[in-house]
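Mapping the sequence shown onto UniProt numbering, position 5 (from 1) lands on 5, and the numbers just tick up by one.
C-beta: ideal position from N, C-alpha, C; glycine also.
Since the structure is predicted, the reported quantities are computational estimates derived from the model, not experimental observations.
These notes are about the structure you will find just below.
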Amino acid sequence: MAERPELGLRPRLAIGIHQPGVGALRPPVFAGTIWVQQGSQPLADDAEEMLRGAAVLAARIMSRLATQPNTHALRVQQLLGLAELNATTAPVDVSTIARELGVAAEGNATLIGFDTAENRDTAVRHVRLVDVMALSASAFRHDAQVAANGSRIYVLLPQTTTGRAVTSWVRGTISALRAELGVALRAAIAGPVAGLAEVNPARVEVDRVLESAERHPILGQVTSLAEARTTVLLDEIVTLVGTDQRLVDPRIRDLGAQDPVLAQTLRAYLDAFGDIGAAARSLQVHPNTVRYRIRRIEQLLSTSLGDPDVRLLFSLGLRAMERTA
């Protein structure tokens, strides 16, 4: 709506809130209006889109509060395998949950997990982050389901496949939240998920990627399960090796303690697949220096680095030692 200076009114946007209908007997019901007035800055380019998402979210919240408070959130938590079950809790029935949430239980879905890339979020800011994420997700897809667990926020998009539109929305959301709230996020995308019954296993895989990304920022802001598989599996193997000192060759531990330079050279040599020139460039030394050090390492460890089993064992041991250093 146009500005009315004589009334002290700046440019405004308005949208109606409608409760969804139930079958043919009960059509959608008008439930109210959301008004937004321009402040000290012009309205953002995506203000209308965000307002549409706000109307969907407002209708959902009003319906939830009018019937069974927190039931909706609990159902999404159950679907993701995050709700604690006890003796009095009925087993999770995906069809029933889908019906209560108003989404289809069958068909491909996409699950996105978001996590903060830093550990300085306050509880208040995290609550606001969840609210803004729910608003953005509802603007993107009216049937989007959002749940939070600790620092992580999960967005479930029923009846959709992972494509450029989803990835673009995820990247745009991360950029917008950094600009608006000053929060840095990572995201892992799982999809296509074969029906809501597979959402729980997908959430477990998303958590694995986010946990690995916390230790390996090289994964980037947004990644898929397929893109992160090698890094995640190797990270979990190295973590397992590092938890049991018996799995690290004692010769590697002694080398790291007695001559860190040789240990660093060995790591560079193994990472370069035995390429002396590449190892020398990464260490910024002359190739002959690397050759001398490798011969020295083989003498000290009484082994040959030409043995692939030895190279694998030493590489895992060095990575595990770096993790615990």
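Outcome for residue i when other beta-carbon atoms lying within 10 angstroms are tallied against a minimum of 16
{"i": "Y269", "result": "buried"}
{"i": "D115", "result": "buried"}
{"i": "G306", "result": "exposed"}
{"i": "I297", "result": "buried"}
{"i": "G39", "result": "exposed"}
{"i": "T162", "result": "buried"}
{"i": "L233", "result": "exposed"}
{"i": "Q230", "result": "Reading the sequence as shown, one finds Thr at residue 230 and not Gln. With fewer than 16 Cβ atoms within 10 Å of its Cβ, T230 is classed as exposed."}
{"i": "R203", "result": "buried"}
{"i": "P5", "result": "exposed"}
{"i": "W169", "result": "buried"}
{"i": "S304", "result": "exposed"}
{"i": "R246", "result": "exposed"}
{"i": "V147", "result": "Residue identity check: residue 147 is Ala in the sequence provided, not Val. A147 is buried by the Cβ-count criterion."}
{"i": "R171", "result": "exposed"}
{"i": "F295", "result": "The sequence shown places Arg at residue 295, rather than the Phe named in the question. With fewer than 16 Cβ atoms within 10 Å of its Cβ, R295 is classed as exposed."}
{"i": "A44", "result": "exposed"}
CB-CB length for residue i against residue j, believed under 8 Å
{"i": "A139", "j": "M50", "result": "5 Å"}
{"i": "N94", "j": "L196", "result": "Before going on, a small fix: residue 94 reads as Val here, not Asn. At roughly 5 Å, the Cβ-Cβ gap stays under 8 Å, so V94 and L196 are in contact."}
{"i": "Q221", "j": "R186", "result": "6 Å"}
{"i": "G53", "j": "S175", "result": "That pair is no contact at about 17 Å."}
{"i": "L74", "j": "E48", "result": "Between E48 and L74 the Cβ distance is about 32 Å, and since that is not below 8 Å, they are no contact."}
{"i": "D235", "j": "R215", "result": "6 Å"}
{"i": "A31", "j": "M62", "result": "6 Å"}
Residues near residue i by beta carbon distance below 6 Å, same chain, minus five either side
{"i": "M321", "result": "G256"}
{"i": "G277", "result": "P287"}
{"i": "G317", "result": "V248, D249, I252"}
{"i": "R60", "result": "none"}
{"i": "T289", "result": "none"}
Close beta carbons around residue i, own chain, < 7 Å, minus the five adjacent residues each side
{"i": "T324", "result": "G242"}
{"i": "R293", "result": "L262, T265"}
{"i": "residue 344", "result": "Not covered by the structure: residue 344. The range shown for the chain is 1 to 325."}
{"i": "R10", "result": "E3, Q37, Q38"}
{"i": "V199", "result": "L79, L80, A109, L111, L156, V193"}
Residue closest to residue i, alpha-carbon to alpha-carbon, out of the options
{"i": "V56", "options": "G39, T33, A44, Q37", "result": "T33"}
{"i": "R319", "options": "I237, A188, G39", "result": "I237"}
{"i": "residue 334", "options": "L9, V29, T173", "result": "A query on residue 334 cannot be resolved here, the shown segment of the chain reaching from 1 to 325 and no further."}
{"i": "I15", "options": "L9, V132, Q37", "result": "Q37"}
{"i": "Q77", "options": "V132, V170, A184, V155", "result": "V155"}
{"i": "L101", "options": "A117, T231, N108, L79", "result": "L79"}
{"i": "D254", "options": "E211, S212, L301, T223", "result": "L301"}
{"i": "V209", "options": "E227, N200, V193, V199", "result": "E227"}
{"i": "T239", "options": "R295, S224, E211, Q258", "result": "E211"}
{"i": "A58", "options": "A280, A279, P20", "result": "P20"}
{"i": "N149", "options": "S315, G81, F314", "result": "G81"}
{"i": "L312", "options": "G274, V206, W35, T289", "result": "G274"}
{"i": "N108", "options": "V193, A117, R141", "result": "V193"}
{"i": "A117", "options": "D131, A213, L225, V130", "result": "A213"}
{"i": "V130", "options": "S151, H142, R141", "result": "S151"}
Helix, strand or coil at residue i [DSSP, three-state]
{"i": "Q221", "result": "coil"}
{"i": "T160", "result": "coil"}
{"i": "D131", "result": "helix"}
{"i": "L101", "result": "helix"}
{"i": "L43", "result": "coil"}
{"i": "H216", "result": "coil"}
{"i": "F30", "result": "strand"}
{"i": "Q38", "result": "coil"}
{"i": "R10", "result": "coil"}
{"i": "P20", "result": "coil"}
{"i": "G306", "result": "coil"}
{"i": "L177", "result": "helix"}
{"i": "F140", "result": "helix"}
{"i": "Q264", "result": "helix"}
{"i": "P243", "result": "Just to set this straight, residue 243 is Thr in the shown sequence, not Pro. T243: coil per DSSP, three-state reduction."}
{"i": "A190", "result": "strand"}
{"i": "A147", "result": "strand"}
{"i": "residue 333", "result": "Nothing can be reported for residue 333, as the shown portion of the chain is limited to 1 through 325."}
{"i": "V183", "result": "coil"}
{"i": "V155", "result": "strand"}
Beta-carbon proximity list for residue i, same chain, < 8 Å, skipping 5 on both sides
{"i": "V166", "result": "T110, I112, L157, T160, I189, G191"}
{"i": "R128", "result": "L181"}
{"i": "S282", "result": "A268, D271, A272"}
{"i": "R178", "result": "A184, L185"}
is_contact[residue i, chain C] using C-beta, thresh 8 Å
{"i": "R215", "result": "In the structure shown, chain C cannot be found, because there is only a single protein chain."}
beta-carbon residue i near the ligand COA non-hydrogen atom, thresh 7 Å
{"i": "V209", "result": "For the ligand COA, the structure offers nothing, since it holds no ligand at all."}
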